[in-house]
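Working notes for the structure below.
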Amino acid sequence: MKIHLTIYASLMVAVLTASSCSEEEQPLSWEIGETPTIEYPEDYYAGGLLGTTTNNSSTAYKQPTLAVENAGMVTAFNEGEYLFEKDFNTNTSGAFHGLGPVYVRPGCLYCHPGYGHGARQNTYAANLQRNGYLLVIYDKKTNAYIRSVAGMPQTGAVKPFKAPIDETQIRLTWNEYTDEWNNRFEDGETYSLTYPEVSIPASAYYAPVMVQRDGKDMEIAAADYDENIGIRLESTIGIYGTGLLDAITDEDITKQWEAESPYVTLNPAMWDQTTNTWKSYYSNSRQGDGTKYVRRYTYAMSRGPLLDGAGANAIWNITNVTRSDRPYHYLDLAGKYYAEKSAQDPEVQAGFADYIALVDPEQNHPEWHTSDVASNIKTYLTSQKLDAEMTDSQYKNLMIWHRGLAVPAARNTTTDDFKAGKKLFTEIGCAQCHRPSWTTGADEIHDPNLMFANADMPRYPNQKIWPYTDMVQHRLFMKNDIRTGWCRTTPLWGRGLASKCGSGTERMHDCRARNVVEAIMWHGCTSEGGKSDAYHTVQKFRALDKKERDQLVYFVESI
Amino acid sequence: MVSCVRIITFIFYILHFSIIKPTILMMNIKRLLNTVLLLLLCHSVNAGVQGSPTVIEKEIVSDISRIAVSYNDRICPIQTVALDFVSKLTGQSSWQGYSAEEIFVGWMIYYTEWETQELIHVESPDVQRILGIEGEWASVRDFYTSRHEYKLSGLDADSTLSSEQRDAIAEVDMKMQLVTMFYHSEMLRMFPLTVDGQTDWYTPGSTELPLGTPNAEFQFINHAMDHLTQAILANDIAGARNIISKIRLYQEEKAAQVLPSHLAITAEVLHNKLLTSCWWVYLCLLLSVLFAITAVMGKQGKWMSLSHTVFLAALFTLLTLVMGMRWWVSGHVPLSNDYETLLSMAWVSSLIGIICMRRYAILKALAPVLTSLCLFFTAYTVSSPLITALMPVLQTPLLFVHVVFVVISYSLFAIIFLISAYGLFLRSRGKVSESLHLVSISYRLLWPAVGALVMGILIGSVWAKIAWGSYWMWDPKETWALITLIIYMIPLYRPFRNFFPHWHQLYLLIAFLAVLMTYFGVNYFMPGMHSYA
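Chain order of the listed sequences is B and L. Heads up, the first sequence is in the working numbering, so the first residue is 776 and it goes up one at a time. Heads up, the second sequence is in the working numbering, so the first residue is 12 and it goes up one at a time.
Given below as C-alpha cells:
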C-alpha cells in the first residue's frame, strides 16, 4: 500500500512539474525596455506610436502616453491628474483650496466624466455629475455673449456671495425634430432626432442683463428679455489626444483651410476667402507677448495652443482658483457688473467681513478692509493682484497631464466590417471634414502664457495620428444650432469607448444625438436657415443599404 | 414506550412524505431538470451566435490563464477568475466549444466581438421580454437600446413589478455588473506593488498607483498589457509569451512571499479543469452502476471483479489527489462550503468502500455508486467548485474536526440508505434472508454513524460557543442535526428492532430524508448562521 501511494505521489508531482515547466527562454528582467514594433495597420495607432494606449478597459481615456514616460514625467503626470480628479473647496489654505467666490463647477470631473464627453441632461445644476453643459447666453441681435455674466456663466457661489444665475430657475426640455425625410430611411428603418430648449427667466439673473450694441453696453429690461436674449448649451468633449492635436503645426492647419476654401464657405470671422488668409488669430497680450497663433481648440475655435487653451483656462475659470499668471477672478465679461451688484447687496455686505477675514487674515490687502464695505467688496472682486491659490508647479503638473493623455488605439481594424466602413466613410464624403489623419510637426512647445518650453512638456514629433477632424469650422444649420452656427469639426477618435469609460455616449455639441445614426442625420438639415455643409454626404448615407450603414457606424464606433 | 416510539416514527413519516419531500421536489424539480440537461450536454443550447469571435493562439491563452492575480481575497491564476466569470454568466464552465480561458482572454482583447455573443443566460421570461430576446440567451448588446440606455435600469426597485420579477431582474443585473467589473479590470489585479510598507495589487493601466511609484514600475504596470495586446493582435506568439514571462518575473520580485509557485499554479489549473468538466463524472456513474448491478446479480467474473476493485481504488486515489491539491493550493482544509463537504463525502464513501469491501461485498458495490452520486450532485451546490478564500469564522482547527465527523456520519447514513433500498428490493423479490443480512450490515454501520454525528454535534457546540457565544441557538442547521440524530438513534433501541423487524429497512430508507434536509434543505429554505455548509 505504501509503495503504491509513493508511486502515485511521485507520478503526480512529475506530471505537475512537467506541466509547469516552460521550454521558452526566460527574460532576464521584467522591464519593458525598447518598445517593440509590430506589423499592424497604421490607423490602429490613433495617437501615433508615442501617443496611443492599447488599453480598452474603463481607464482607456486616462492613460499616459509613452512620451510622458520617456521624458521622465510620470510623477508630474500623476500629480496633475489629482488636480483634475478632486473637487476644489472653499478653504483658504491647504489642498485644493480656493474655490469661488463664484464658480461654474467645484471640480473637473463633473463636466468630464471618465475624462471624456459630458452626458445629456434633463436638468442643469453645477454639482450634477456628468453635466458637461456650459450655458451660452447671447444677444440675438449680434450673436455676441451678454456682458453681465461670464462667457461660461457661473451658477455656484460661496457665501456671502450670490450666484450670477439662479440655476433652480433654469429649465431644460427636449423636443422632437422631423427632418425632410420624416426621420426614415428608404428601407423603413426609422430614427429619432431631438434637440434641447433652454430657458432662463430674467428673474434668475443676479446682475442686470447687459448687452453691447454699437460699442456701448445697454441693459435689457425684463419685458424685452425673451426677444433679445438667446440661450444654448455646449457640452465638453474628451481631453485625451489634445496634446497630439497641439503638435499639428500652424502651417498644416492653415493649408487645410486653404485646401477647403475653394469648395465651401468658411467662417468669415476666421478666414478671408478672397485673400485665403486668416482673418483672426489667437494671441495673448495679457500674460504673453501677443504672438499670433492659429486657432485650433473649442467649437468656436476661440483658443490657440493647448498651453493657453481651454483646459489651461478652465482650471482657473471654472473654479476661480487663481494662479500667478491669472491673479484675478473670472467674473462677467465686462468685469464690473457682478462686482457692482454684489457691492450694493446688503446681504453680501453683512457677510463680507467674516469672509474676508478668512481669505486675508493678516490683512495683506488693506484695500479690502476699509470702513467702506461696498468699496471693499468691489475692490476684492475686481482685484488684479490676488494671491495665487494654485502654485506654478501644480499648474505645470496639470498641463503635463493634460498634454500627456493618450488616445485609445482603434479597435477592430483588421475586420472586414471596419475596412468596409472606412471605405464608405471616404467614399460618401465624411472624410472631407472628418479628415482621418495628420502628421505632427517637430512639436516645438508654444505657450502664449510664456511659462513653459520644450523641456517642460511631453512632446510628439512626427507622429501620424488619426483624429478624424479637419480642424476647420463648418455649418450644419441645425434647429437651435450652436451659437453663430459655426462649429469646429469635432474629433471622432476614441468615442466608441465612451460607454465603457463612463463618459457621455451622446454626440454633437449639445449631446442631442444619442447614437451615431442620429449624429449623421443631424448633418442633413436644410430648413433651418441654410443647407448643411454635409448635406450631400447625408444623402449618400441615406442611399446606402442597411448593412453598409451598419458598417459605417461600426467603423465610427471603432475609431 | 414502544407506543411512543411508534407514534414519533409515524409522525416523522408523515412529515417527510407529506410536506418536506413534495416541497423539495416541487421547488427543485425544474432546477433539477435544467441542470441535468445542461450537465448532460456540457455545453449551452445557444442559438443564433452572431459570427465567431477571433480565436487567440492556444499557447498565449494558456500562458495568460496561468498569470497570478489577486481575486476574492486570494492569489489565484487567471484561469480561476475566468471560470468564475464564465460560469456566472453562462451557468457552465465553457460555452459553444470555447473554454472559459478562451472567452475571458478573447474578451479582454476583442471585446466588441464578445459583446455580440449570446452567452448570458436569462432564465426569466419577464427579463427576456424586457431585453427583447427570443430564448434564454442574451448578448451584452441586448442589454442596451440603440441610444446606449440600459434596459434594466431602475427596474429592480420598480414597485409596480412583483417581487419575483424584481428578483429575476436583480439576478440578471448582477451578471451585467460582473461584465462592468471585468471592464474595470477588477479581475486583473496582477501587479503587486509595495509603497511605504503597504502591498496592493493593481490592474493594468491603473490610475490608483500611489504617489512615489518608481518610474520603471509605473511604466510596466501601465504598458505591459499594452504590449501584450499588440503582440496578440499581431499574432506574435513569442513576443506575447515574453511579455507574460516578464509579468511573472515582476510578480516574483514584488510579491515572492505570497505568490503561488509554478507548481501550485499548475495544480490549481489542473484541479479546475478536472472539477469543472463533467464527462468523467458521468463515466464514473455509469461504471459504478454497471459494476454494482453485475456484482449484486453475481455476474462478475474474476477479471470484472478485479476491474471493479481497481475502479474503486482509482476513484479513491483520484479524489485523494484532488482533495490534496485543493488543500495545498487553498491553504486550508477543503471542508469550508457545501461543495467541499460533498466532495469529501465522495472521498469518505470511497474510503469506506475500500476499508469494508473485503468483509462486506455489498459495500464494494454500493460505495462507488455513492461516490459517483456525490460527485454528480456537486453541481447542485450553491458554492462553485473553484477554490475560494476561507471565511474568517472558519479559520480554526475546529473546522476540520467538526466537519470530518459530520461528513463521516452523513456518508455512513447514505450507505445505509443504499443498503436499505437494496434490502427492500430483495425483500420484494422474496429474498428475505439476504435482506435480513443487509439489515445486520446496516446496524453495524449505524453505530459509528450515530457516534460520528454525536461527536460532530458536540464539537460543533463548542465551536458555536467560541464563535457565536452560545453552545446552542436552535439555528436551523443545529436543530435539524438534532432531529437527524434522534431519528437515527431510535433504531438503535433494541426493542425497536425486535418489534419492527420488517419496518427497519423502510425506516432507515426514509430517515435519510432527514440527512438531506439537514445538509441541503436547511441551506435553501431556512438560511441561518450555518448557511455556508
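Heads up, the beta-carbon is just placed ideally off N, CA and C, and yes, glycines get one too. On a predicted model such as this, the values are computed, not experimentally measured, just so you know.
Check, Outcome
"How would you list, in chain order, the residues of chain L whose beta-carbon sits under 7 angstroms from the beta-carbon of Glu806(B)?", "Ala227 and Phe231"
"Kindly indicate if chain C contains any beta-carbon less than 8 angstroms away from that of Glu814(B).", "Included in the structure are the protein chains B and L, with no chain C among them."
"With 16 other CB atoms within 10 Å as the buried threshold, where does Lys1322(B) fall?", "exposed"
"Is the distance from the Cβ of Met1246(B) to the Cβ of Glu1303(B) below 8 angstroms?", "no"
"When the Cα atoms are used, what is the spatial distance from Glu942(B) to Ser978(B)?", "11 angstroms"
"Whether or not the region 266–276 of chain L and the region 239–256 of chain L are in contact is what I'm after, with contact meaning three or more pairs of Cβ atoms, one per stretch, closer than 8 angstroms; do they touch?", "no"
"Go to Phe202(L), then tell me how far its beta strand (DSSP E) extends in each direction, as first and last residue.", "Phe202 to Val206"
"May I ask you to report which of helix, strand or coil DSSP gives Tyr499(L)?", "helix"
"Closer than 7 angstroms between beta carbons: that is the criterion. Which residues of the region 1204–1217 of chain B meet it against chain L?", "none"
"Taking Ile78(L) as the reference, which of Leu354(L), Ile248(L), Thr277(L) and Thr210(L) has the closest Cα?", "Thr277(L)"
"Say whether chain B places a C-beta atom closer than 8 angstroms to the C-beta of His195(L).", "yes"
"Beta-carbon separation of Thr1214(B) and Lys1239(B) under 8 angstroms?", "yes"
"Mapping DSSP to helix, strand and coil, what is Leu1225(B)?", "coil"
"Report yes if the CB atom of Tyr421(L) is closer than 8 angstroms to the CB atom of Tyr530(L), and no otherwise.", "yes"
"Tell me the DSSP secondary structure of Arg946(B) in three-state form.", "strand"
"What in chain B is Cβ-close to Arg158(L), meaning under 7 angstroms?", "Arg1289 and Asn1290"
"If I measure Cβ to Cβ from Val133(L) and keep anything under 8 angstroms in the same chain, skipping five residues before and after, which residues do I get?", "Gln139, Leu142, Ile144, Glu147, Trp148, Ala149 and Val183"
"For the region 837–852 of chain B and the region 1190–1210 of chain B, state whether three or more C-beta atom pairs, one from each stretch, are separated by less than 8 angstroms.", "no"
"Should Glu112(L) be labelled buried (16 or more other beta-carbon atoms within 10 Å of its own) or exposed?", "buried"
"Does DSSP put Thr34(L) in a helix, a strand or coil?", "Residue placement at Thr34(L) is poorly supported in this model, since its pLDDT is 46, which falls under 50; the coordinates still yield a value, given next. Thr34(L): helix per DSSP, three-state reduction."
"Give the straight-line distance between the Cα atoms of Leu244(L) and Ile67(L), rounded to the nearest whole angstrom.", "9 angstroms"
"If you draw a straight line from the alpha carbon of Lys1067(B) to that of Ile1220(B), how long is it in whole angstroms?", "14 angstroms"
"Considering only residues of the same chain and omitting the five flanking positions on each side of Asn83(L), which have a CB-CB separation below 7 angstroms?", "Thr399 and Ala400"
"Please state whether DSSP places Leu874(B) in a helix, a strand or coil.", "coil"
"Under 9 angstroms between beta-carbons, which chain B residues line up against Pro379(L)? List them in chain order, please.", "None at all; the shortest Cβ gap to chain B is about 18 angstroms."
"Ser347(L) to Pro459(L), Cα distance in whole Å?", "23 angstroms"
"Considering only the alpha carbon of each residue, which of His413(L), Leu520(L), Ser361(L) and Ser383(L) lies closest to Lys375(L)?", "Ser361(L)"
"Say whether chain L places a C-beta atom closer than 8 angstroms to the C-beta of Val849(B).", "yes"
"Relative to the C-alpha of Met466(L), which candidate in Asn233(L), Thr156(L), Leu274(L) and Phe416(L) has its C-alpha closest?", "Phe416(L)"
"If you follow the beta strand (DSSP E) that Ile366(L) is part of, which residue opens it and which one closes it?", "Taken as a continuous stretch (DSSP letters only), Ile366(L) belongs to no beta strand (DSSP E), being part of the alpha helix (DSSP H) at Asp349 to Cys367."
"Is it buried or exposed for Lys313(L), if we count other Cβ within 10 angstroms and need 16 for buried?", "exposed"
"Shortest alpha-carbon distance to Arg1289(B) belongs to which of Trp805(B), Pro1236(B) and Gly1271(B)?", "Gly1271(B)"
"Would you kindly report the start and end of the unbroken alpha helix (DSSP H) that includes Tyr82(L)?", "Segment Ala79 to Tyr82 is the beta strand (DSSP E) holding Tyr82(L); no alpha helix (DSSP H) there."
"For Asp1083(B), I'd like the list of residues in its chain whose CB is within less than 6 angstroms of its CB, leaving aside the five on either flank, ordered along the chain.", "Asn1059, Pro1223 and Asn1224"
"Which chain B residues are close to Ser341(L), counting only those with a beta carbon under 8 angstroms from its beta carbon?", "Neighbours of Ser341(L) on chain B: none; closest Cβ ~16 angstroms, over 8 angstroms."
"Would you be able to state if there are at least three C-beta pairs under 8 angstroms between the region 878–892 of chain B and the region 928–940 of chain B?", "yes"
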